[in-house]
Amino acid sequence: MTDNLPTLHTWSSYRRVVKQHLLEQAPSLRASGLDWFLQVGTADEFTADRQPPTEPELAVVLLPGAALVVPHDPRRPGCPACLLTRRQLANPKHLEVQAAETQWTAADPPLTRSAEPADLAEAVLAAARGLITRDDLFPARPVVQVSSQSLAPTTHRYLPDPLCQTCGGLPDDRAEDAHLVLSYRPKHGPRSYRYENPVQRLDELKDLYVDEFCGVLHSLRRDTQGGLAVAGALMKLRRHEWVEPGFGRSRSYDESEATAILEALERYGGVQPGGRRTVVEAPFAELGEDAVDPRLFGAHPASTYEDTGNHYRDFDAHTSYRWVWAHSFLHDRPRLVLESQAYYYVAHDTGTAPYLYEVSNGCALGATTEEAALHGLLEVAERDAFLLAWYRRLSLPRLRPATARYQPVEAQLRMIERETGYRVQLHDQTMENGIPSVWALARNPDPSATGRPALVCAAGAHPSLEKAALNALSELGPFLNDFIARFPSLAERAERMVDDFSLVQTMEDHSTLFGSPRMRHYLDFLDEGPEVSFATAERNPNQFTAASMAEDLLEMVGRFTAEGQEVLVVDQTTDEHRAGGLSCVKVLVTGSLTMTFGHHLRRIDGIPRLDTVPARLGLRPGADPSEPVLPHPFP
1 MTDNLPTLHT WSSYRRVVKQ HLLEQAPSLR ASGLDWFLQV GTADEFTADR
51 QPPTEPELAV VLLPGAALVV PHDPRRPGCP ACLLTRRQLA NPKHLEVQAA
101 ETQWTAADPP LTRSAEPADL AEAVLAAARG LITRDDLFPA RPVVQVSSQS
151 LAPTTHRYLP DPLCQTCGGL PDDRAEDAHL VLSYRPKHGP RSYRYENPVQ
201 RLDELKDLYV DEFCGVLHSL RRDTQGGLAV AGALMKLRRH EWVEPGFGRS
251 RSYDESEATA ILEALERYGG VQPGGRRTVV EAPFAELGED AVDPRLFGAH
301 PASTYEDTGN HYRDFDAHTS YRWVWAHSFL HDRPRLVLES QAYYYVAHDT
351 GTAPYLYEVS NGCALGATTE EAALHGLLEV AERDAFLLAW YRRLSLPRLR
401 PATARYQPVE AQLRMIERET GYRVQLHDQT MENGIPSVWA LARNPDPSAT
451 GRPALVCAAG AHPSLEKAAL NALSELGPFL NDFIARFPSL AERAERMVDD
501 FSLVQTMEDH STLFGSPRMR HYLDFLDEGP EVSFATAERN PNQFTAASMA
551 EDLLEMVGRF TAEGQEVLVV DQTTDEHRAG GLSCVKVLVT GSLTMTFGHH
601 LRRIDGIPRL DTVPARLGLR PGADPSEPVL PHPFP
């Protein structure tokens, strides 16, 4: 039969003949007691209003240059439409590729380099037979890409898409599902705050999540900055064609890559609801005690809400908003918080104008919900401490690096100084809750230099003050190295922003502003505090050393509830997280300062702690509440 076929085909005729060969040779295949029925078509045929199959199918998706072989058992999620969505999301330029493919297929050009249709059909069937006899079809689904030129097969793995309209569908967000029942799983040791070593899972994490063709993460990249091995895990979001990175910084690439993967997955959970479908939409005034008043989390300046140039509007208790359920530790029951607080990119959607600008502040990932919540709460404490110290210019104690018992602290600091020539200092910014937190500051030794940034800041938190310092240095070093290289192109903008703080609009603008030597004196307040040893500064070295993470979490939460603050946990876990045995949460705390970027988006109004905490800590504020507010220097 092959001899009777034409040797030159157009794209449309090539598809038709390949499909004919496939269906003639094997309309179905049998393996593991199942009959798999062959379905052949283009990408559009597998994504456009397709009825879900009722029997196991072997989908063959014919694309320009390749055929994709996709097993699909309708009893489980994971179908050709999922794969094609993952394929699009794995390609940051998919819109350009899609436009080019559409133009090419519409032209229906002759194919001069493709294999004979019968040969491609044979290669596809060989791949199909291999796929349905595999015993690793779950949780990640295998797919074989067969080149229509070389006939070479390439195996990839993809995770089902929980938002897929063919095989997915999110459950409704319900109050009963938000109630948190703690698991008292023993820790590895009293000062261990992770149940699993991500480095030991690196191969598994890569296999499950990283694939340039159809992975949740499409790329892993390596660099060296600030004396550390740096890795970046890139993930394209469903919305706005944005690529969201996760980063890891450590002394080894394996550890950095594992951290980068996990950070990217944390961001995946935080950008939009991916585990439950938001169903509560109502005015605050109608929700009663079920809802937390969003004004307790700090508001933007009145001028921001009045400015028609941005889309944030003051809160109206009688306007309808979207709400999601969270667990309240203060009340030990589910309560509602604004969806735009729980998921930081939904504010960019159309609908009711958002009340608050939100970032990933308080988002965290862990092997258990307790672990994730603990680390989310640590981040809330870190950002709150930094902002409170900044807005009140607190004369924080300066930590002597040589007194750290944990040697990597001083070693990392000195390495940053040697690599960059900057002077680095550490300050104890632990607030009234007693959760250890450190501010790291790098100063250019030349106060008049304009070609390199004048100042760079970072912060870290951890149950141990020394580990908090190391976390701050791990953030500072790579950023400082990168910023030194980029600053010459930003110096002019830095000077403009010094003259007009309203120009500070983005995350990058905050660090750029403090690159100007004219901003140096604004950090002088940090030099007014006493020098202390780590041992002196660490008020309670035995805190957070319980047998389980749940007990540590409750101890930490208790610090906030004792102050009348409400700690809430939103479960952001998606099916993609569960595939890797992970939990993802967002932690919100009333009365805490939240990190924001863009000076007009600061959220300090309605936070009484700004005026009460300094005196409680015996720290002298260097800023009067009546003075003009300056943009913060957090990068």
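The sequence shown begins at 1 in the UniProt record's numbering and counts up one residue at a time.
From the three backbone atoms N, C-alpha and C, an ideal C-beta is built for every residue, glycine too.
- The three-state secondary structure of residue 337, taken from DSSP, is strand.
- With contacts defined by Cβ atoms closer than 8 Å, residue 438 and residue 427 form a contacting pair.
- Cβ-Cβ distances below 7 Å link residue 285 to 317, 318 in the same chain, with the five nearest sequence neighbours on each side left out; the list follows chain order.
- Burial state of residue 95 is exposed, judged by a 10 Å Cβ sphere holding fewer than 16 other Cβ atoms.
- Looking at 483, 193, 93, 365, the one whose alpha-carbon comes closest to that of residue 269 is 365.
- Taking C-alpha positions only, residue 70 is separated from residue 132 by approximately 10 Å.
- In the pairwise beta carbon analysis, the segment 298–308 is classified as not touching the segment 374–385: fewer than three pairs are separated by under 8 Å.
- Comparing alpha-carbon positions, the option among 239, 223, 237, 238 lying closest to residue 248 turns out to be 223.
- In this structure, residue 271 places its C-beta atom within 8 Å of the C-beta atom of residue 344.
- Beyond the five residues adjoining it in sequence on each side, residue 392 comes within less than 7 Å, by CB distance, of 610, 614, 621, 623 in the same chain, given in chain order.
- In summary, residue 184 is exposed, with fewer than 16 beta-carbon neighbours lying within 10 Å of its beta-carbon over all protein chains present.
- Per DSSP, residue 236 is one residue of the beta strand (DSSP E) stretching across 228–236.
- Counting C-beta pairs closer than 8 Å gives three or more between the segment 70–87 and the segment 158–175, which meets the contact rule.
- Counting C-beta pairs with one atom in each stretch, the segment 445–453 and the segment 466–479 have fewer than three that are closer than 8 Å, which means they do not touch.
- Judged by their CB atoms, residue 85 and residue 275 are not nearer to each other than the 8 Å cut-off.
- In this chain, the beta strand (DSSP E) harbouring residue 363 covers 363–366.
- In this structure, DSSP gives residue 167 a state outside helix and strand, which the three-state scheme calls coil.
- At the C-beta level, residue 498 and residue 598 stay beyond 8 Å of one another.
- In this structure, residue 383 places its C-beta atom within 8 Å of the C-beta atom of residue 593.
- Collapsing the DSSP output to three states places residue 457 in a strand.
- Assignment of alpha helix (DSSP H) within the segment 475–505, counting only whole runs of 4 or more residues, yields 491–499 in chain order.
- Contact annotation, residue 258 with residue 220: C-beta distance approximately 10 Å; criterion of less than 8 Å not satisfied.
- CA-CA distance, residue 234 to residue 530, rounds to 42 Å.
- In the DSSP annotation of this structure, residue 292 is not part of any beta strand (DSSP E), being labelled neither H nor E.
- In the three-state scheme derived from DSSP, where H, G and I count as helix and E and B as strand, residue 515 is classed as coil.
- For the pair residue 178 and residue 327, the CB atoms are nearer than the 8 Å cut-off.
- For residue 585, the uninterrupted beta strand (DSSP E) segment begins and ends at 583–589.
- Sixteen is the threshold: when 16 or more other Cβ atoms of the shown chains lie within 10 Å of the Cβ of residue 583, as they do, the residue is buried.
- Boundaries for residue 138: no alpha helix (DSSP H) harbours it, and the DSSP string shows neither H nor E there.
- In this structure, DSSP gives residue 411 a helical state, which the three-state scheme calls helix.
- Counting the other CB atoms within 10 Å of its CB gives residue 138 a total below 16, which places it among the exposed residues.
- The three-state secondary structure of residue 20, taken from DSSP, is helix.
- Residue 351 sits exposed, since fewer than 16 C-beta atoms from the chains shown fall within 10 Å of its C-beta.
- Exposure of residue 628 is indicated by the presence of fewer than 16 other C-beta atoms within 10 angstroms of its C-beta.
- Judged by their CB atoms, residue 338 and residue 325 are not nearer to each other than the 8 Å cut-off.
- Contact check between the segment 189–203 and the segment 138–147: fewer than three CB pairs, one atom from each, fall below 8 Å, which does not count as touching.
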